[in-house]
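Participant:
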C-alpha cells in the first residue's frame, strides 16, 4: 500500500504584516522558520513575560542594554530551535 502525502500549503496567522505559509515541497531548507510560530505561541501564552517576572533585575539601570524579558525570550527561542549553546544566539540575530 502506497503512502498518501499531502503536498498542500498550510496558512498560519500573518506575522509582522507578512503571510506565513508552510509547504513541504521546497527541498532542503532551514527549519529555523518555525521560530515565527514559536514567537506567535509565546505572544499568545505570555510564557516569556511570565517567566521573566520570576526574576529580580538587580542590574544598574544605566548599564542595562536588554530587558530580562528579552533575554528570557531569546533563550526560550534558542532552546525551541535546538540551539542550546549560547554561542549560537549571536548568529541567529542577523
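Residue numbers (full-length UniProt numbering): 1 to 94. We treat Cβ as the ideally placed atom computed from N, Cα and C, and that holds for glycine.
#1: First and last residue of the alpha helix (DSSP H) that includes residue 73?
#2: Please determine, among 38, 48 and 32, the residue with the shortest C-alpha to C-alpha distance to residue 68.
#3: Measure from the alpha carbon of residue 95 to the alpha carbon of each residue in 45, 71 and 44, then state which is nearest.
#4: Distance check for residue 51 and residue 18, CA to CA, integer angstroms please.
#5: Report, in whole angstroms, the separation of the C-beta atoms of residue 20 and residue 9, which I expect to be a contact under 8 Å.
#6: For residue 84, collect the residues of the same chain with a Cβ closer than 8 Å to its Cβ; drop the 5 residues on either side in sequence, then sort them by chain order.
#7: Would you decide whether residue 23 is buried or exposed? Buried here means 16 or more other CB atoms lie within 10 Å of its CB.
Facilitator: Checking against the coordinates, here is how it stands:
#1: Looking up residue 73 in the chain shown gives position 73. Per DSSP, residue 73 belongs to the alpha helix (DSSP H) from 68-80.
#2: Here residue 68 corresponds to residue number 68 of the chain shown, with the count starting at 1. The shortest Cα separation from residue 68 among 38, 48 and 32 belongs to 48.
#3: Residue coverage of the chain in this structure runs from 1 to 94, which leaves residue 95 outside it and unanswerable.
#4: Position 18 of the chain shown, counting from 1, holds the residue named residue 18. Position 51 of the chain shown, counting from 1, holds the residue named residue 51. Whole-angstrom Cα-Cα distance: 28 Å.
#5: Indexing the chain shown from 1 puts residue 20 at position 20. Indexing the chain shown from 1 puts residue 9 at position 9. In fact, because the Cβ distance is near 11 Å, the residues do not count as touching under 8 Å.
#6: Taking the chain shown and counting its residues from 1, the one referred to as residue 84 is at position 84. Hits under 8 Å: 78.
#7: Within the chain shown, numbered from 1, the residue matching residue 23 stands at position 23. Its Cβ having fewer than 16 others within 10 Å, residue 23 is exposed.
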